[in-house]
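S.K.: Residue numbers (my numbering): 234 to 299.
Ideal placement from N, C-alpha and C gives every residue a C-beta, glycine not left out.
Keep in mind it's a predicted model, so treat the numbers as computed, not measured.
Before I ask anything, let me first share the structure, which is written out below as structure tokens.
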């Protein structure tokens, strides 16, 4: 029996990141399979950076003294 993995990133976030990296046109015309692996790696890196910044921001809100 096969299992379907649930995506970690929302589709909206993927498209937002694709626009930031300049590969949105490729995705819109040909799908994610046509995006070079280097660009997909950059997309993941950017998503991780955004998540880390958001976590740090949340932490600083909860612990403003330090």
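Can you tell me whether residue 288 is helix, strand or coil according to DSSP?
M.R.: DSSP places residue 288 in helix when its eight states are reduced to three.
S.K.: Evaluate contact between the stretch 251-261 and the stretch 269-276, counting only Cβ atoms and requiring at least three cross-stretch pairs below 8 Å.
M.R.: Touching, yes, given that three or more Cβ pairs across the two stretches are closer than 8 Å.
S.K.: Quick check on residue 260: does DSSP put it in helix, strand or coil?
M.R.: Helix, per DSSP.
S.K.: Express the C-alpha separation of residue 268 and residue 261 in angstroms, rounding to a whole number.
M.R.: Near 10 Å, if we compare the C-alpha coordinates of residue 268 and residue 261.
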